[in-house]
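Here the structure is laid out as structure tokens; the discussion comes afterwards.
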Amino acid sequence: MKPVIALVGRPNVGKSTLFNRLTKSRDAIVADFAGLTRDRHYGQGKQGKHEYIVIDTGGFEPDASSGIFKEMAKQTQQAVAEADVVVFVVDARAGVSAQDHDIAKYLRRLGKPCLLIANKAEGMLEGAQLTEFYELGLGQVHPVSAAHGQGMRGLVELALEPLNLPEPEEDSLEDGELGPIKLAVAGRPNAGKSTLINTWLGEERLVAFDMPGTTRDAISVPFERNGQKFELIDTAGLRRKGKVFEAIEKFSVVKTLQAIESANVVLLLIDATQGVTEQDSHIAGFILESGRAVVLAVNKWDAVDDYQRELLQRSIESRLSFLKFASLHFISARKRQGLGPLWGSIAQAHKAATCKMSTPVLTRLLLEAVQFQAPKRAGMFRPKMRYAHQGGMNPPVIVVHGNSLEHVTDAYKRFLEGRFRKEFNLVGTPLRIEMKTSH
Ligand code: GDP
Ligand code: GDP
1 MKPVIALVGR PNVGKSTLFN RLTKSRDAIV ADFAGLTRDR HYGQGKQGKH
51 EYIVIDTGGF EPDASSGIFK EMAKQTQQAV AEADVVVFVV DARAGVSAQD
101 HDIAKYLRRL GKPCLLIANK AEGMLEGAQL TEFYELGLGQ VHPVSAAHGQ
151 GMRGLVELAL EPLNLPEPEE DSLEDGELGP IKLAVAGRPN AGKSTLINTW
201 LGEERLVAFD MPGTTRDAIS VPFERNGQKF ELIDTAGLRR KGKVFEAIEK
251 FSVVKTLQAI ESANVVLLLI DATQGVTEQD SHIAGFILES GRAVVLAVNK
301 WDAVDDYQRE LLQRSIESRL SFLKFASLHF ISARKRQGLG PLWGSIAQAH
351 KAATCKMSTP VLTRLLLEAV QFQAPKRAGM FRPKMRYAHQ GGMNPPVIVV
401 HGNSLEHVTD AYKRFLEGRF RKEFNLVGTP LRIEMKTSH
């Protein structure tokens, strides 16, 4: 599972700027999808070989006793509790404040790995002006500049160092192909996740068997259905009690993200009685960013009338437009309606996500597409596409090679995506197209 980094510090020290930096590499991938909300406090990132989840906490008042500050403190504390490591951000220019001391005290008591960084340190002599921060009692202070992108990689490495993480495995093309289909059921609290899972696990055709949990308090249920092996992985927001699942009180975004990350296919449940909410599109955005295959199911279809159904269909089209490659189902977990066809879509999504595309076939399709419509000339540059090969699975990545490909427009990439999707029947999986220019 990816490690979780929480950014903590008083308002205005540059946490959001830092957050944007740390999550940027991932955001770039999805920059041009309409309907994808990005004003959020949870993100994923990659620096060098390290992948991680990062949480931006609001301003932090550890002793706030009322109102919005109390709520913020509560949320920050939850974030900190879920984090593997805390990055405490102070303002190199403003110096140490009383509030910094309060936060430091809180963090020292917490006893979690904690990295102290002084932001806005661009142009400052290596650490010289920063000695006063040692009085926070959190060890060495590391200067960075979030606004100028200085010190980012070092920051991530230092932050993750105490966790002694195993070396990340090289992505292999076989990834996700062997073994059971890892399935995560995601959705807001009350969307019906536990009802659905319990319905499944109660079915005779589905043989569940016990296996000791793997990491931390992860839930993992292997089962078989019609000869296909599945593994229901650490399903967020649920706890296993004997033979049934029940929802836990507190919904955990971090657990949801980790579940999405470790799945091959995510079944995203939308609550028909609530419509498509902001939280739904956040979760959907994470699925897209992670590149997981996805099946959409609108649950509680029994509880809405025709008018609401119509509205729902439209709001899915507009608010989840970036998942239009996914198949969509209308179900009732409680009444056991519409559940059968989900399995077909899950298998289809997994097949698409792990599909193998040979270089000759990809290249032929690429050249046919170019012949049908060539990429536009950009000034004196004419992008020239030469061949394509598959660079990964789950999600499938198609790498296009040629010259001046940095001038290929997003619209053209979408045109290519459409052609590849159609040819390989890629229903239910994101598809990434990368341009590789040789000079
Ligand atoms: P937050 O409240 O902690 O999330 O802080 P923000 O990220 O909103 O940043 C507060 C202000 O500090 C903004 O005006 C940023 O442009 C500025 N800022 C952030 N990082 C840096 C930096 O590295 N150097 C300088 N000089 N300003 C920064
Ligand atoms: P979770 O928090 O996502 O695990 O949601 P639960 O499975 O605990 O369901 C929340 C509530 O929605 C419970 O009261 C369920 O009985 C109800 N519910 C779940 N599925 C359906 C359904 O298909 N139709 C209706 N009408 N209610 C449902």
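According to the UniProt record's numbering, numbering within the sequence shown proceeds without interruption in unit steps and concludes at 439. Think of the CB as a built atom: it goes at the ideal place given N, C-alpha and C, for glycine as much as any other residue.
Meets three-Cβ-pair contact criterion under 8 Å: the segment 290–297 and the segment 324–332: The segment 290–297 is in contact with the segment 324–332.
When 368, 163, 351 are compared against residue 83, the one with the closest alpha-carbon: Out of 368, 163, 351, the CA that lies nearest to the CA of residue 83 is found in 163.
Cβ-based burial, residue 134 [other Cβ within 10 Å; buried from 16]: It counts as exposed.
Straight-line gap, residue 287 to residue 260 (C-alpha atoms, nearest Å): 6 Å
Continuous beta strand (DSSP E) stretch holding residue 56: start and end: 50–56
Range of the contiguous beta strand (DSSP E) that encloses residue 271: 265–271
Residue 113 versus 96, 138, 186, residue with shortest Cα-Cα distance: Ranking the options by Cα distance to residue 113, first place goes to 138.
Nonlocal neighbours in the same chain, by C-beta distance under 7 Å from residue 32, ignoring five residues either side: Its pLDDT being 48, under 50, residue 32 is placed unreliably by the model, and nothing is read from it.
Cut-off 7 Å between Cβ atoms - residues of its own chain near residue 374, not counting five sequence neighbours on either side: Around residue 374: no qualifying Cβ.
Contact test: residue 145 Cβ vs ligand 1 heavy atom, cutoff 6 Å: yes
7 Å CB neighbourhood of residue 191 in its chain, flanking five on each side removed: Hits under 7 Å: 269, 270, 271, 299.
Run of the beta strand (DSSP E) containing residue 109, from where it starts to where it stops: Run containing residue 109: none in the beta strand (DSSP E); it sits in the alpha helix (DSSP H), 98–110.
Three-state secondary structure (DSSP) of residue 181: strand
Residue 121 (DSSP reduced to helix, strand or coil): coil
Contacting residues, own chain, Cβ-Cβ under 6 Å from residue 290 (five flanking each side not counted): 260, 261
Cut-off 8 Å between Cβ atoms - residues of its own chain near residue 124, not counting five sequence neighbours on either side: The residues are 92, 130, 143.
Residue 11: CB within 6 Å of a non-hydrogen atom of ligand 2: no
Residue 184 and residue 233 closer than 7 Å at C-beta: Contact flag set, yes.
heavy atom of ligand 1 below 6 Å from residue 15 C-beta: yes
Check: residue 277 C-beta below 6 Å from any heavy atom of ligand 2: no
Any non-hydrogen atom of ligand 1 within 6 Å of residue 120 CB: yes
Residues that DSSP places opposite residue 276 in a beta bridge: Looking at the DSSP output, residue 276 bridges to nothing.
Among 279, 161, 222, nearest to residue 257 - alpha-carbon criterion: 279
Distance CB(residue 121)-CB(residue 97) smaller than 7 Å: no
Status (buried if at least 16 other CB within 10 Å, exposed otherwise) for residue 95: exposed
Three-state secondary structure assigned by DSSP to residue 401: strand
Start and end residues, alpha helix (DSSP H) containing residue 410: 410–424
Buried versus exposed, by CB contacts within 10 Å (16 or more), residue 81: exposed
Host beta strand (DSSP E) of residue 91 (start-end): 85–91
Residue 331 in three-state terms, based on DSSP: DSSP places residue 331 in coil when its eight states are reduced to three.
Nearest to residue 360 (by Cα), restricted to the options 414, 390, 352: Of the listed residues, the one whose Cα sits closest to residue 360 is 390.
7 Å Cβ cutoff, residue 2 in contact with chain E: This model lacks chain E altogether, as it is built from one protein chain only.
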